[in-house]
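Residue numbers (my numbering), protein chains in the order written: chain A, 44 to 416; chain B, 44 to 416. Structure first, commentary second.
Protein chains: 2
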Amino acid sequence: MNVVAERVAIVGGGLIGGSLALACRAAGVPEVVVTDRDPAARQVARERGLAEVAEDLPTAVRDADVVVLAVPAAVVPDVAADVVAAAPSTAILTDVASLKSDLTVDVESRLRVLGVDPGRFVGGHPMAGSERAGPEAADGALFQGATWILTPTPDTHPHTVQVVSGLLRRIGARVLALTPRRHDELVALVSHLPQVAASALADVAGEASAEAGEVVLAIAGGGFRDTTRIAASDATLWRGILTGNRPAVLAALDAYRGRLADLADALARGDDERLEVLLTRASEARRRLVPKAGDGPVVDVVVALDDRPGTLAVATTALGEAGINVEDLAMRHAVDGGRGALLVRVSADVRDRALSVLEAQGLAVHVDVEEAP
Amino acid sequence: MNVVAERVAIVGGGLIGGSLALACRAAGVPEVVVTDRDPAARQVARERGLAEVAEDLPTAVRDADVVVLAVPAAVVPDVAADVVAAAPSTAILTDVASLKSDLTVDVESRLRVLGVDPGRFVGGHPMAGSERAGPEAADGALFQGATWILTPTPDTHPHTVQVVSGLLRRIGARVLALTPRRHDELVALVSHLPQVAASALADVAGEASAEAGEVVLAIAGGGFRDTTRIAASDATLWRGILTGNRPAVLAALDAYRGRLADLADALARGDDERLEVLLTRASEARRRLVPKAGDGPVVDVVVALDDRPGTLAVATTALGEAGINVEDLAMRHAVDGGRGALLVRVSADVRDRALSVLEAQGLAVHVDVEEAP
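Shown next as structure tokens:
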């Protein structure tokens, strides 16, 4: 078999499977077959022309070089067993589930029990999604520029990783390899821990606001809004995510609570030098982890807005026509639901020009600070 | 004296003092005098026509009904002493410093030592600012719709609060009264604690990224970006803010660490019901504290953008022309600095229409989720 996959079978024609089918076809993969156990999903896949649609799994995987298991995590081991029973003995398997440690162990064990080489499987996790589900939502550009993590184990054949990576790069994804455990740890740190941190913040502020009426709401600034935004997410969904990654989330929480203890300790002891060292290290980490679009200093220009369609367009059009690049954008709503403001981040070099351009449109503008002097 | 201030003296002609002078004049206050110990600041105030400019403090406050101490916190007690020596014995004093507990005690003690009734003073904190300083940046609309907190003590005369509130409402501010201590506690909770929480998050992720290369950066999603955004703030500035409000920040940190301990405990014990109860309470608190502009459900439409001026305007103009209200806006930059995306939050009712309008402009769009399925 060539290291370039020529025949790709996708089991599960939902958002991820359907989008992958479209992306593979757009990338010129010669044979793309999709199947789904749900006849309605197969029907939509056929109507949308996502790919060749097979009526059942054995037919779909019969000639495959690579089989993508785009099915829910809970059924991946069973579906993997069905696939190896019907696919060529050289076929490579990968999945798209969002947690990897336990699942990879389960799939490899299942293959071993069946006398199948577990080195033919590599776990995967595309860092892309949409709130819409099903083949109706399939989007061939979903993975363009997205990161797709692969999680090889010591049993995984290098050839397996090479073939799957090649396919993913071909559809425009950025491939990163991590061990399954490291994947779950990092997702815990950058996705699951922030959720818990934001929830705890919103909860303590909520308790205070129960006593202080609407005062908290009136004084909560942009910093509070940003740090707690994801706390408003669906609690049942997050219960599932956090408990699914329990050990890694607990480890991340431990590290986080340790860091908060360091900060509290420095503050309590009056060790203000140490406090500044910790804040500086954090500030440098944030700047390194989430680089700004531009490299130089930026300012947020605040444009007073009516909460009506149209005003926003006046501001952005005026900047666009003046050739001023908007590096970031946010809206700030008035506490009482009245007038809001648009925050437009521009390079500090063009600050004065941005202000003039906006003022020329009759807009009230000023440059923002996070903390009032 | 009437409860409506007719003669307002402002000591300190910087951003806050100068903006207040402009706002008072615009609101029709008959006499507004501003002074500043810096001759250059007085000169700018005069040139900009902020108000009548007095050469020295005694001249400025000579006939005042209300004197606003728009000077740095460290000199407020001294300036208050200078003011009571020169102002009418009925004049009311207020300040604009961002922390109130210690300062209010200091000012009241100083007045008492001078044999002056401390009931004539009430502390204040306007929740508004700009990164520009000095009278050059003065903006008569700075306090329009902003919250201005007053912090009376048991010694403060009701008349004092009544007069200052009346003046502030006249310039369009929203006045809230809190005890000095409660003010500092709430600011600790909604501004200072989020800073520490974000810094600790960025720091633990930064440590992981030191081991994991640029992987953390590649997998950090919108939740991580939002929760850690303010961690990039200036560490020296924040050292000053946190140490200035030490007891309240420590109390807020205690409450926060307690909440994190509850969440970690539920997760560690496998008490998933309890975990969901805590997450639900947090989600409800966030929704209550930061209500969305619209009341109903919303969706974030993701528009693929080139990082060029103009494309942004095409999207917002098309929505404006279609009468679709943009409830929130954010930009998402590609990890590698290439193509980015615009997140446009619209009411869920108009989702399909928003998608069509944007697609008609040749833009690639989809609806976002926080967590990939």
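All C-beta atoms, glycine included, are put in the ideal place defined by N, C-alpha and C. The model shown is predicted, which means the values in this text are computed figures rather than measured ones.
Next on the checklist: Please list the terminal residues of the continuous alpha helix (DSSP H) segment that includes residue 203(A).
Outcome noted: 201-213
Next on the checklist: Bridge partners for residue 71(B) per DSSP, in chain order?
Outcome noted: In DSSP, residue 71(B) forms no bridge with anything.
Next on the checklist: Between the alpha carbons of residue 333(B) and residue 298(A), how many angstroms are there, rounded?
Outcome noted: 29 Å
Checklist entry - Is any beta-carbon of chain A found at less than 9 Å from that of residue 242(B)? => result yes
Item to check | Run of the beta strand (DSSP E) containing residue 153(B), from where it starts to where it stops | outcome: Residue 153(B) -> not in any beta strand (DSSP E); alpha helix (DSSP H) instead, spanning 144-156.
Item to check | Endpoints, the alpha helix (DSSP H) within which residue 103(A) is located | outcome: 100-104
Next on the checklist: By the DSSP assignment, the alpha helix (DSSP H) with residue 186(B) in it spans what residues?
Outcome noted: Element bounds for residue 186(B): n/a, residue is neither H nor E.
Item to check | Continuous alpha helix (DSSP H) stretch holding residue 367(A): start and end | outcome: That residue, residue 367(A), is in no alpha helix (DSSP H); it is neither H nor E in DSSP.
Next on the checklist: Any contact between the region 152-169 of chain B and the region 184-204 of chain B? By contact I mean 3 or more CB pairs, one from each, below 8 Å.
Outcome noted: yes
Item to check | Residues bridged to residue 226(B) (per DSSP) | outcome: Answer by DSSP bridge pairing: none, since residue 226(B) is not bridged.
Checklist entry - Thinking C-alpha only, which one of 178(A), 171(A), 118(A), 139(A) is nearest residue 89(A)? => result 178(A)
Item to check | Nearest neighbour of residue 282(A), chosen from 342(A), 118(A), 236(A) [CA to CA] | outcome: 236(A)
Next on the checklist: On the DSSP bridge list, what partners appear for residue 166(A)?
Outcome noted: 194(A)
Checklist entry - Looking at residue 109(B) and residue 50(B), is the spacing between their C-beta atoms short of 9 Å? => result yes
Item to check | Option nearest residue 191(A) by Cα separation, candidates 225(B), 249(B), 258(B), 132(B) | outcome: 258(B)
Checklist entry - On the three-state DSSP scale, how would you describe residue 408(A)? => result strand
Next on the checklist: Please state whether the Cβ-Cβ distance between residue 294(B) and residue 228(B) is less than 9 Å.
Outcome noted: yes
Checklist entry - Taking any Cβ of chain A, which residues in the region 266-286 of chain B have a Cβ under 8 Å from it, in chain order? => result 266, 267, 268, 269, 270, 271, 272, 273, 274, 275, 276, 277, 278, 279, 280, 281, 282, 284, 285, 286
Checklist entry - Anyone know if the C-beta pair for residue 70(A) and residue 215(A) falls short of 9 Å? => result yes
Item to check | Distance between residue 343(A) and residue 105(B) (C-alpha atoms, nearest Å) | outcome: 40 Å
Checklist entry - To which residues does DSSP link residue 111(A) through a beta bridge? => result 53(A), 137(A)
Checklist entry - Going along the chain, which residues of the region 140-153 of chain B sit with their C-beta nearer than 7 Å to a C-beta in chain A? => result 141
Checklist entry - With a Cβ-Cβ cutoff of 9 Å, do residue 331(B) and residue 136(A) count as a contact? => result no
Next on the checklist: When you compare the region 358-367 of chain A with the region 268-288 of chain B, are there three or more beta-carbon pairs, one atom per stretch, that lie closer than 8 Å?
Outcome noted: no
Item to check | Opposing strand residues paired with residue 347(A) [DSSP bridges] | outcome: 384(A)
Item to check | Residue range of the beta strand (DSSP E) that includes residue 259(A) | outcome: First-last for residue 259(A): 258-262, but that is the alpha helix (DSSP H), not the beta strand (DSSP E).
Checklist entry - Using 9 Å as the limit for Cβ to Cβ distance, is residue 117(B) near chain A? => result no
Next on the checklist: Give me the residue from 391(A), 386(A), 393(A) with the minimum Cα distance to residue 406(A).
Outcome noted: 386(A)
Checklist entry - How is residue 46(B) classed by DSSP in three states: helix, strand or coil? => result coil
Item to check | residue 194(B) versus 144(B), 301(B), 76(B), residue with shortest Cα-Cα distance | outcome: 144(B)
Next on the checklist: Rounded to the nearest angstrom, what separates residue 370(A) and residue 280(B) at their Cα positions?
Outcome noted: 24 Å
Checklist entry - So who's on the other strand from residue 220(A), going by DSSP bridges? => result 193(A)
Next on the checklist: For a cutoff of 9 Å on Cβ pairs, would you count residue 223(B) as touching chain A?
Outcome noted: no
Item to check | At least three beta-carbon pairs within less than 8 Å, the region 96-105 of chain B to the region 66-84 of chain B | outcome: yes
Checklist entry - Measuring CA to CA, which of 169(B), 389(B), 286(B) is closest to residue 418(B)? => result Chain B is shown from 44 up to 416; residue 418(B) falls before or after that span and cannot be answered.
Item to check | Given residue 219(B) as reference, the closest of 262(A), 186(A), 219(A), 244(A) once Cα atoms are compared | outcome: 262(A)
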